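S.K.: Here you go, one structure.
There are 2 protein chains.
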Amino acid sequence: MILTKYEEIENFILKGIQSNIYKADEKVPSENKLAESFAVSRMTARKALDSLVTRGYLYKIKGKGTYVKDNENRDDIYLDEMIGFTRRVERSGKTPRTEVKTFEIRKPSRKTAAKLGISRNEDIFYIERIRHINDEPVILEITYMPVKVSPDLTKEEIKKSKYAYLRKRNHRISEMVKEYIPVIPNLEVRKLLLLDKNMVMFKIELISKLEDSSIFEYTKLYYNQNKYRFLQITKSSKVD
Amino acid sequence: MILTKYEEIENFILKGIQSNIYKADEKVPSENKLAESFAVSRMTARKALDSLVTRGYLYKIKGKGTYVKDNENRDDIYLDEMIGFTRRVERSGKTPRTEVKTFEIRKPSRKTAAKLGISRNEDIFYIERIRHINDEPVILEITYMPVKVSPDLTKEEIKKSKYAYLRKRNHRISEMVKEYIPVIPNLEVRKLLLLDKNMVMFKIELISKLEDSSIFEYTKLYYNQNKYRFLQITKSSKVD
DNA sequence: GAGTGGTCTAGACCACAAT
DNA sequence: TTGTGGTCTAGACCACTCG
């Protein structure tokens, strides 16, 4: 099989990573070095490196160089374990912090109104929260909530937990539908999570309902790069 | 906020998709048209389109043009529903087919041996299967199984179901650990699934054990582009 | 033949890091 | 000052599709 020049370079770097010639958080050859040693233009060498950045193998630092990404030491998230961010982080001995970036009342977009099952002129809370672990931003959460369902919600309460607020009001979630989506984040998400480069990451979209079937929230969650592994354990299943 | 030229073009196309000016499976402006109307070089226009392809908004056909991806009409996969491929497809009124691309005995790589908990000189089955729906390849499955655990496995049996084989032998899976991973597929995966372009997709890696805790398989599953939605429904949870 | 996307070149200027 | 990555240009040749 014939490869393009940039595919040759990609494979060269990948082999170097697999054989541990290029170690985690150490440099791979610069774009100019690669261009010279493969006798290609710098743009071709760049294309190879950029591809490996997007695929999660490398990261770049302007003015410094290109480095091998360390994908070990990620935190595990079990899909069936209903545990909140704060408790999960504390259990692992780290320090969680929640930053409420935005808390305001808006009218929903057409898409959001449809998700919430309301009309476009009803008010909603628009809430952006950033979850930090040891002061590093790891999760961006964007929540849309109908004001009529949670009329007395305050910014102070949202700093803690949406679900603690529910308990206080003697409500609870009766059903939650989650969709797991592989994405490359857009500019806004990259900015909020301090990611300077495109790379694959995890998005979860969820809708949760209360006991009376009213929709409590429509939420999008973006999980920072390879800080997380998403696991599911199934016991004694009746597979296939 | 100042945007680069290719980001301007990306946003222009995205707005056109959101406002339905560019409709599903219809063309967006060609690279040359965009280069002209934005007064940039063709390479810059290309960079914008390529980014949107990787992010799953567009697809390109050489010699024809660049089209808006239709992300509706995807099949739902429920993470908690333990149902096999064949039954799930038939339930939706479509025709499933399994192609056994490779079935051979090998020695495992270091990584595979570690996953299977065996030594590098024990034999394993290496199995590549491609799942088709209505003759379109949608899932690539790569399985590693220790021969000593399933010594009498045949290619004929693997054409049907791994788990039917287990039942025949009066065994069953006692535990399955799955990891969900967002990836951009490599060349080999793209070739087998007939994908001509880089784009985000879903990978599942799983390890399943039998009642005696022996490891039955280590399997990687690649789900074709946006043919699938991965959903999870949680009822009456004790959230956060 | 005209238009499309795919690859590639040989430059350029910039912002940023390190020394 | 040197080296790095980030953006961008103005070409080129190719393979493919379609009329």
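Chain order of the listed sequences is V and D.
In terms of the numbering used here, the first sequence opens at residue 865 and continues consecutively.
In terms of the numbering used here, the second sequence opens at residue 865 and continues consecutively.
Glycine included, every Cβ here is placed at the ideal spot set by N, Cα and C.
The model shown is predicted, which means the values in this text are computed figures rather than measured ones.
#1: Determine, for D:K1032, whether the minimum Cβ-Cβ distance to residues of chain V falls below 8 Å.
#2: With a threshold of 8 Å between beta-carbons, can V:F1066 be considered close to chain D, or not?
#3: Does chain V have any CB closer than 8 Å to the CB of D:Q1089?
#4: Kindly indicate if chain D contains any beta-carbon less than 8 Å away from that of V:S1038.
#5: Measure the alpha-carbon distance for D:K1099 versus V:L898 and round it to whole angstroms.
#6: Output needed for D:A978: all residues of its chain with C-beta closer than 7 Å, excluding positions within five of it in sequence on either side, in chain order.
#7: Please work out which residues of its chain come closer than 8 Å, Cβ to Cβ, to D:K1019, disregarding the five sequence neighbours upstream and downstream, and give them in chain order.
#8: May I ask you to list the residues that DSSP assigns as paired with D:H996?
#9: Under a three-way DSSP split, which group does V:E1020 fall into?
#10: According to the Cβ coordinates, are V:K1061 and V:K924 closer than 8 Å?
#11: Measure from the C-beta of V:R984 to each C-beta in chain D and report whether the shortest distance is under 8 Å.
#12: Rounded to whole angstroms, what is the Cα-Cα separation between V:I866 and D:S1025?
#13: Output needed for V:N896: all residues of its chain with C-beta closer than 7 Å, excluding positions within five of it in sequence on either side, in chain order.
#14: From V:F902 to V:I873, what does the alpha carbon distance come to, in whole angstroms?
#15: Quick one: which unbroken beta strand (DSSP E) runs of 3-plus residues sit fully inside the region 1049-1098 of chain V? Chain order, please.
#16: Would you verify that the beta carbon of D:K1099 is, or is not, closer than 8 Å to some beta carbon of chain V?
#17: What are the start and end residues of each continuous alpha helix (DSSP H) run of 4 or more residues lying completely inside the region 899-971 of chain D, in chain order?
#18: List the residues of chain V that D:I1048 touches, going by C-beta distances under 7 Å, in chain order.
#19: Mind reading off the beta-carbon distance from D:F1094 to V:E1081? Whole number of angstroms is fine, and I expect it under 8 Å.
#20: Check for me: the beta strand (DSSP E) holding D:I1045 runs from which residue to which?
#21: Assuming D:I1079 and D:G981 form a contact by the criterion Cβ under 8 Å, report the distance between their Cβ atoms to the nearest whole angstrom.
#22: Measure the C-alpha to C-alpha separation of V:I881 and D:D944 and round it to an integer number of angstroms.
#23: Excluding the 5 residues flanking D:K1102 on each side, which residues of the same chain have their C-beta closer than 6 Å to its C-beta?
#24: Exposed or buried, what is V:R910 when buried is set at 16 or more other beta-carbons lying within 10 Å of its beta-carbon?
#25: What first and last residue would you give for the alpha helix (DSSP H) that runs through V:I982?
#26: Which residues in chain V have a C-beta closer than 7 Å to the C-beta of D:V892? List them in chain order.
#27: To the nearest angstrom, how far is the alpha carbon of D:K933 from that of D:D940?
#28: Among D:E1069, D:M946, D:Y931, D:I991, which residue has its Cα nearest to the Cα of D:N884?
#29: Taking C-alpha atoms, which residue in V:N875, V:G957, V:T1007 lies nearest to V:A912?
#30: Ordered along the chain, which non-local residues of its own chain (more than five positions away) have a Cβ less than 6 Å from that of D:E992?
#31: Would D:F1094 count as contacting chain V if we go by Cβ distances under 8 Å?
#32: Taking the alpha helix (DSSP H) that D:A888 falls in, what are its first and last residues?
#33: Whole angstroms is fine: what's the gap from D:G927's alpha carbon to D:R951's?
#34: Could you spell out the range, first to last residue, of the alpha helix (DSSP H) harbouring D:I873?
#35: Is the Cβ-Cβ distance between V:E1021 and V:Y1029 less than 8 Å?
#36: Apart from the five residues just before and just after D:L1058, which ones in its own chain have a Cβ nearer than 7 Å to its Cβ?
M.R.: Let me spell this out:
#1: The residue labelled residue 1032 of chain D in the question sits at position 168 within the second sequence. No, because no Cβ of chain V sits closer than 8 Å to the Cβ of D:K1032.
#2: For the purposes of this step, residue 1066 of chain V is taken as residue 202 along the first sequence, with counting starting at 1. Yes, its Cβ sits closer than 8 Å to a Cβ of chain D.
#3: One-based indexing of the second sequence puts residue 1089 of chain D at position 225. For D:Q1089, not one C-beta of chain V is nearer than 8 Å to its own C-beta.
#4: Against the first sequence, residue 1038 of chain V aligns to sequence position 174. For V:S1038, the closest Cβ of chain D is nearer than 8 Å.
#5: Indexing the second sequence from 1 puts residue 1099 of chain D at position 235. Indexing the first sequence from 1 puts residue 898 of chain V at position 34. Rounded to the nearest angstrom, the two C-alpha atoms are 54 Å apart.
#6: As a working mapping, residue 978 of chain D is identified with position 114 in the second sequence. Excluding residues within five positions, none has a Cβ falling inside 7 Å.
#7: Working through the second sequence from its first residue, we reach residue 1019 of chain D at position 155. Annotation for D:K1019: V964, F967 place their beta carbon closer than 8 Å to its own, counting only its chain and skipping 5 residues before and after.
#8: Here residue 996 of chain D refers to the residue found at position 132 when the second sequence is read from its first residue. Note: D:H996 sits in a beta bridge opposite D:R961, D:P1001.
#9: On the first sequence, residue 1020 of chain V is found 156 positions in, with the first residue counted as 1. Helix.
#10: Working through the first sequence from its first residue, we reach residue 1061 of chain V at position 197. Working through the first sequence from its first residue, we reach residue 924 of chain V at position 60. Yes, the pair counts as a contact, with Cβ atoms nearer than the cut-off.
#11: The count along the first sequence starts at 1 and reaches residue 984 of chain V at position 120. It does not; no Cβ of chain D falls within 8 Å.
#12: Start at 1 with the first residue of the first sequence, and residue 866 of chain V comes out as number 2. Start at 1 with the first residue of the second sequence, and residue 1025 of chain D comes out as number 161. C-alpha separation (whole angstroms): 35 Å.
#13: Along the first sequence, one-based indexing puts residue 896 of chain V at 32. Cβ within range, chain order: R906.
#14: To locate residue 902 of chain V, count along the first sequence from 1; it is residue 38. To locate residue 873 of chain V, count along the first sequence from 1; it is residue 9. Whole-angstrom Cα-Cα distance: 8 Å.
#15: Here the runs fully enclosed are 1065-1074, 1079-1087.
#16: In the second sequence, counting from the first residue as 1, residue 1099 of chain D sits at position 235. Yes, contact with chain V.
#17: Those alpha helix (DSSP H) runs which fall completely within the region 899-971 of chain D and span 4+ residues are 906-918, 949-955.
#18: Position 184 of the second sequence, counting from 1, holds the residue named residue 1048 of chain D. For D:I1048, the chain V residues whose Cβ falls inside 7 Å of its Cβ are T918, R919, V1064, in order along the chain.
#19: As a first step, residue 1094 of chain D is located in the second sequence; it is residue number 230 there, counting from the start. As a first step, residue 1081 of chain V is located in the first sequence; it is residue number 217 there, counting from the start. The Cβ separation is near 20 Å, so there is no contact.
#20: As a working note, residue 1045 of chain D is residue 181 in the second sequence. Counting along the chain, D:I1045 sits inside the beta strand (DSSP E) bounded by residues 1037-1047.
#21: Reading the second sequence from its first residue, position 215 is the one you call residue 1079 of chain D. Reading the second sequence from its first residue, position 117 is the one you call residue 981 of chain D. With a contact defined as Cβ atoms closer than 8 Å, D:I1079 and D:G981 qualify at about 5 Å.
#22: Position 17 of the first sequence, counted from the first residue, corresponds to residue 881 of chain V. Position 80 of the second sequence, counted from the first residue, corresponds to residue 944 of chain D. Distance between the alpha carbons of V:I881 and D:D944: 35 Å.
#23: The sequence position of residue 1102 of chain D within the second sequence is 238, counting from 1. Note that D:K1102 has pLDDT 49, beneath the 50 cutoff, so the model's placement of it is unreliable and the number below is only indicative. For D:K1102, where only same-chain residues beyond five positions count, there are no Cβ hits under 6 Å.
#24: Stepping through the first sequence from its first residue, residue 910 of chain V is reached at position 46. Here V:R910 is buried: its Cβ has 16 or more other Cβ atoms, across all protein chains shown, within 10 Å.
#25: As a working note, residue 982 of chain V is residue 118 in the first sequence. V:I982 -> no alpha helix (DSSP H), and no H or E assigned at all.
#26: As a first step, residue 892 of chain D is located in the second sequence; it is residue number 28 there, counting from the start. Under the 7 Å cutoff, chain V gives no residues; its nearest Cβ is about 18 Å from D:V892.
#27: What you label residue 933 of chain D is simply residue 69 of the second sequence in a count that begins at 1. What you label residue 940 of chain D is simply residue 76 of the second sequence in a count that begins at 1. CA-CA distance, D:K933 to D:D940, rounds to 18 Å.
#28: Within the second sequence, the letter at position 20 stands for residue 884 of chain D. That would be D:Y931, whose Cα lies nearest to the Cα of D:N884.
#29: Indexing the first sequence from 1 puts residue 912 of chain V at position 48. Checking every option, the nearest Cα to that of V:A912 belongs to V:N875.
#30: Within the second sequence, the letter at position 128 stands for residue 992 of chain D. So the list reads K965, T966, I1006, once near-sequence residues are dropped.
#31: Locating residue 1094 of chain D in the second sequence gives position 230, counting from the first residue. Taking Cβ atoms only, chain V reaches closer than 8 Å to D:F1094, which makes this a yes.
#32: The residue given as residue 888 of chain D occupies position 24 in the second sequence. Where D:A888 is concerned, there is no enclosing alpha helix (DSSP H), given that its DSSP letter is neither H nor E.
#33: To locate residue 927 of chain D, count along the second sequence from 1; it is residue 63. To locate residue 951 of chain D, count along the second sequence from 1; it is residue 87. Distance between the alpha carbons of D:G927 and D:R951 is about 39 Å.
#34: Against the second sequence, residue 873 of chain D aligns to sequence position 9. 869-882 is the span of the alpha helix (DSSP H), which, as asked, contains D:I873.
#35: Stepping through the first sequence from its first residue, residue 1021 of chain V is reached at position 157. Stepping through the first sequence from its first residue, residue 1029 of chain V is reached at position 165. In contact: V:E1021 and V:Y1029 (Cβ atoms closer than 8 Å).
#36: Within the second sequence, residue 1058 of chain D is the residue found at index 194, counting from 1. Taken in chain order, the residues that qualify are P1001.
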